[in-house]
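Student: I have a structure here, written as structure tokens, and I will follow up with some questions on it.
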Ligand SMILES: [Zn+2]
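Residue numbers (our numbering): 15 to 467.
In structure tokens:
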């Protein structure tokens, strides 16, 4: 048993280190070098999926294509776009590669407020790639490997966060493995990381932050705002140099708020359960650089849009061979970033912002989506409040939750007025007092349970 574990660990550490060096190097590549590498990997992926994944070979046959017809990155457009709902409704035997074992993989669950949760399978090698990517991302933020990072996330009310000790970093936490080896290595490597669950009180979190003294804190915007408020009264205020906002659409004013209360440099990130990290804001703060192993297309009516324009995000993952994602339509809307070189030196393509996630919308009676960034920005600007939640039910009616505050009635009617402006007069809107309980799973400022085709 022991030598087997050891072998697993050694292999994994080796892979993480190898990927770390490789991913770091890609930030020094020229556009041409990046494209050459992507093309080579794309050809490899398409051929692999054609041979081993029934779903893709069927799709390609239907489109009258063979892997030999991929000669350039533009040829990717010949392949069909796969909507999330289509891929997720397939039986696993259709979408998983036939030549891979299932005993040693990582299974992730997509959480959706609409639709069923579905399983995402990562090969062992891809899980290690993502772990390496996490270290590269941390380096990109300017946090050294010797500095401490605190991850504050929602565990769910049923799980108790440990008061002390280190936790295995995120992707591998859920890994279902036959050996104990792979569990140990990331724990050893990441002894400068600490994970906290948000179901503890803000005071307890503040204590943890003061005790741990992290150089960087990674969390959701709403949690960071609470933490910032609570830390304001502490003197001397703990020094948090960098803050990374994960998993939530945020506005510029929200970033400024967090910067003002925590005194940290604020970075935005973009990710999805299917891929892990997709994009990361760099030190030049001019958009989010896309990860080198993904081909991210931003499309409107099937055509690529130019810098400054918005469209639907379609992603091809060049690394995960167990469950390939080729031209996968995630459902997010993003704006393409500037195409000229970034000040930070990296030539990786950029998104200037992510406008909306699938459920983070409100839907008008006619079926048009209004994206959360637009709604949040308008409410922040015109009403001046940042703490609220707007939820739309399946039937289309809206519920606004507001914390008890001074001028509650005025704020309430202002928000109702704004929402009617977006959605039309006919939409029923109700308001309730909200005790700002963040114990609800995955707090989102705006979300809809209405399913739109
Ligand atoms: Zn940059």
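We treat Cβ as the ideally placed atom computed from N, Cα and C, and that holds for glycine.
Among 332, 133, 97, which one has its Cα closest to the Cα of residue 105?
Tutor: Closest option to residue 105, Cα to Cα, is 133.
Student: Go to residue 327, then tell me how far its alpha helix (DSSP H) extends in each direction, as first and last residue.
Tutor: Here residue 327 belongs to no alpha helix (DSSP H); instead the beta strand (DSSP E) covers 324-331.
Student: Throw me the rounded Cβ distance for the residue 336 and residue 111 pair, which I believe falls under 8 angstroms.
Tutor: Yes, they are in contact, since the Cβ atoms of residue 336 and residue 111 sit about 6 angstroms apart, within 8 angstroms.
Student: For ligand 1, is there any heavy atom lying closer than 7 angstroms to the beta carbon of residue 363?
Tutor: No, the Cβ of residue 363 stays beyond 7 angstroms of every heavy atom of ligand 1.
Student: Less than 8 angstroms between the CB atoms is what I'm expecting for residue 321 and residue 360, so what's the real figure, rounded?
Tutor: The Cβ separation is near 16 angstroms, so there is no contact.
Student: Pull up the distance between the alpha-carbon of residue 464 and that of residue 409, whole angstroms please.
Tutor: Computed Cα separation, rounded: 7 angstroms.
Student: Determine the burial state of residue 384: buried for a count of at least 16 other Cβ atoms within 10 Å of its Cβ, exposed for fewer.
Tutor: When all chains shown are included, residue 384 counts as buried.
Student: Does the beta-carbon of residue 427, which I'm using as the reference point, lie nearer than 7 angstroms to any heavy atom of ligand 1?
Tutor: Every heavy atom of ligand 1 is 7 angstroms or more from the Cβ of residue 427, so no.
Student: Could you tell me the boundaries of the beta strand (DSSP E) in which residue 153 lies?
Tutor: First-last for residue 153: 138-154, but that is the alpha helix (DSSP H), not the beta strand (DSSP E).
Student: Just verifying my parser: in three-state terms, what is the DSSP assignment at residue 30?
Tutor: Helix at residue 30.
Student: How big is the Cα-Cα spacing for residue 356 and residue 300?
Tutor: Cα-Cα distance, rounded: 8 angstroms.
Student: So, using beta-carbon positions, are residue 393 and residue 402 closer together than 8 angstroms?
Tutor: For residue 393 and residue 402, yes; Cβs fall inside 8 angstroms.
Student: Helix, strand or coil for residue 287 per DSSP?
Tutor: The answer is coil: DSSP assigns residue 287 none of H, G, I, E or B.
Student: Determine, using beta-carbon pairs with one atom in the segment 56-76 and one in the segment 85-104, whether at least three such pairs fall under 8 angstroms.
Tutor: Judged by Cβ distances under 8 angstroms, the segment 56-76 makes contact with the segment 85-104, as three or more pairs qualify.
Student: Does the distance from the C-beta atom of residue 263 to that of residue 395 stay below 8 angstroms?
Tutor: No, the Cβ-Cβ distance between residue 263 and residue 395 is not below 8 angstroms.
Student: Among the residues of its own chain, which have a CB less than 6 angstroms from the CB of residue 38, if the five just before and after it don't count?
Tutor: Answer for residue 38: 150, listed in chain order.
Student: Counting only the same chain and skipping the five closest in sequence on each side, list residues whose C-beta sits under 7 angstroms from that of residue 438.
Tutor: Result list for residue 438: 378, 379, in chain order.
Student: Quick one: residues with CB closer than 6 angstroms to any heavy atom of ligand 1, in chain order, please.
Tutor: Here the list is 296, 298, 303, 356, 358, 360.
Student: Just mark residue 269 as buried or exposed, buried being the case when its beta carbon has 16 or more other beta carbons within 10 Å.
Tutor: With 16 or more Cβ atoms within 10 Å of its Cβ, residue 269 is classed as buried.
Student: From this set, 236, 343, 308, 254, which residue's C-alpha is nearest residue 460's C-alpha?
Tutor: Cα-wise, what sits closest to residue 460 is 236.
Student: Just the C-alpha distance for residue 97 and residue 56, rounded to the nearest angstrom, thanks.
Tutor: Each residue's alpha carbon lies about 19 angstroms from the other.
Student: What residue ranges within the segment 209-281 form continuous beta strand (DSSP E) runs of no fewer than 3 residues, ordered along the chain?
Tutor: Within the segment 209-281, the complete beta strand (DSSP E) runs of at least 3 residues are 230-233, 256-259.
Student: Assuming contact is defined by CB atoms lying nearer than 8 angstroms, are residue 257 and residue 245 in contact in what I supplied?
Tutor: The answer is no: Cβ separation not under 8 angstroms.
Student: Can you tell me whether residue 307 is buried or exposed? The criterion is at least 16 other CB atoms within 10 Å of its CB, across all chains shown.
Tutor: Buried, because 16 or more other Cβ atoms sit within 10 Å of the Cβ of residue 307.
Student: For the beta strand (DSSP E) that residue 167 lies in, which residues bound it at each end?
Tutor: Here the beta strand (DSSP E) through residue 167 covers 163-167.
Student: In chain order, what are the residue ranges of uninterrupted beta strand (DSSP E) at least 3 long that sit wholly in the segment 326-386?
Tutor: Counting only runs of 3 or more, we get 342-350, 364-370, 375-377, 383-385.
Student: By the three-class DSSP mapping on this structure, what secondary structure does residue 41 have?
Tutor: Three-state result, residue 41: coil.
Student: Using the Cα positions of residue 425 and residue 397, report the straight-line distance between them to the nearest angstrom.
Tutor: Using only the alpha carbons, I get a separation of about 7 angstroms.
Student: From the DSSP output, in three-state form, read off residue 79 for me.
Tutor: Coil at residue 79, not helix or strand.
Student: By DSSP, does residue 21 sit in helix, in strand, or in coil?
Tutor: DSSP places residue 21 in helix when its eight states are reduced to three.
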